[in-house]
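Chains X and V supply the protein sequences, listed in that same order. Per my numbering, the very first residue in the first sequence carries number 1; after that it's consecutive. Per my numbering, the very first residue in the second sequence carries number 1001; after that it's consecutive. Quick reminder that beta carbons are idealized off the backbone N, C-alpha and C, glycines included.
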Amino acid sequence: GAVVSQHPSRVICKSGTSVKIECRSLDFQATTMFWYRQFPKQSLMLMATSNEGSKATYEQGVEKDKFLINHASLTLSTLTVTSAHPEDSSFYICSARKDVYSNQPQHFGDGTRLSIL
Amino acid sequence: GNSVTQMEGPVTLSEEAFLTINCTYTATGYPSLFWYVQYPGEGLQLLLKATKADDKGSNKGFEATYRKETTSFHLEKGSVQVSDSAVYFCALSDPTSGTYKYIFGTGTRLKVLA
């Protein structure tokens, strides 16, 4: 089956630092990757969609300068939370899909729990 | 706009009980429908999918049928186990978004007691 690896699984850091989260598709080429945020006991909120080699498309209300997304290769996308503050603490989950315009399933990573002190 | 409505949880069942988690949707076009499961502290795992009307997705004893006439995709399992305790999400891929991004239901927490 399709495997997506997300790293790190947990990070704790001080307010004001920047944090990078990696999302890798291990056994397929992911033309499209998605980044989600999940609050406790809630559903997933889509933050942005990224297609390999082009700029990410952010959902309304998501600050693109705060959450930098890079999708430089078909197997790697990164999310950088810049100058993180306690309100950025959350569970971040990525997903990957082989095709751009497709209703095929997304395959999810195991998530990153970010805690900002 | 498109949306997914999922039954409120939590759902608590005894082992070997029958499970139904309701999911209904509104959509234009022809979305695909999915069920995902999330165990504590983990990401989502694809449980099953259906891509067109009357398709039945099935996996690990779970099944769901894409019913266009009732706009539903209810998840069922004949005999649940303690290991099925998790949160279940119904999702549709939105064909009107261009990128087929997901619209998720709110999730239903299932707790199975031994």
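With respect to residue 1050 of chain V, residue 1030 of chain V sits apart: the two C-beta atoms are not nearer than 8 Å.
Short of 7 Å from the beta carbon of residue 57 of chain X, and not among the five residues preceding or following it, lie these beta carbons of its own chain, in chain order: 48, 49. DSSP, reduced to helix, strand and coil, places residue 32 of chain X within a strand of the structure shown.
The Cβ atoms of residue 1071 of chain V and residue 1026 of chain V sit closer than 8 Å to each other.
From the beta-carbon of residue 105 of chain X, the residues of chain V found nearer than 7 Å are 1034, 1046, 1049. In this structure the region 59-68 of chain X does not lie against the region 1001-1012 of chain V, because fewer than three pairs of beta carbons, one per stretch, are closer than 8 Å.
Bounds of the beta strand (DSSP E) holding residue 1065 of chain V are 1062-1065. Within the same chain, 1006 come within 6 Å of residue 1106 of chain V by CB-CB distance, once the 5 residues on both sides are set aside. Within the model, the alpha-carbon separation for residue 1012 of chain V versus residue 16 of chain X is close to 42 Å. In the structure shown, residue 102 of chain X adopts coil according to DSSP, grouped into three states. Legend: CB atoms of the region 66-96 of chain X lying less than 9 Å from CB atoms of chain V belong to residues 91, 93, 94, 95.
Taking a cut-off of 8 Å for Cβ pairs, the region 74-90 of chain X and the region 21-28 of chain X touch, as three or more such pairs fall below it. For residue 58 of chain X, not one C-beta of chain V is nearer than 8 Å to its own C-beta. Residue 1032 of chain V is classed as buried because its beta carbon has at least 16 other beta carbons within 10 Å across all chains shown.
The beta carbon of residue 1068 of chain V sits closer than 6 Å to the beta carbons of 1053 from its chain, once the five residues preceding and following it are set aside; these are given in chain order. Out of X/52, X/72, X/81, the CA that lies nearest to the CA of residue 65 of chain X is found in X/81.
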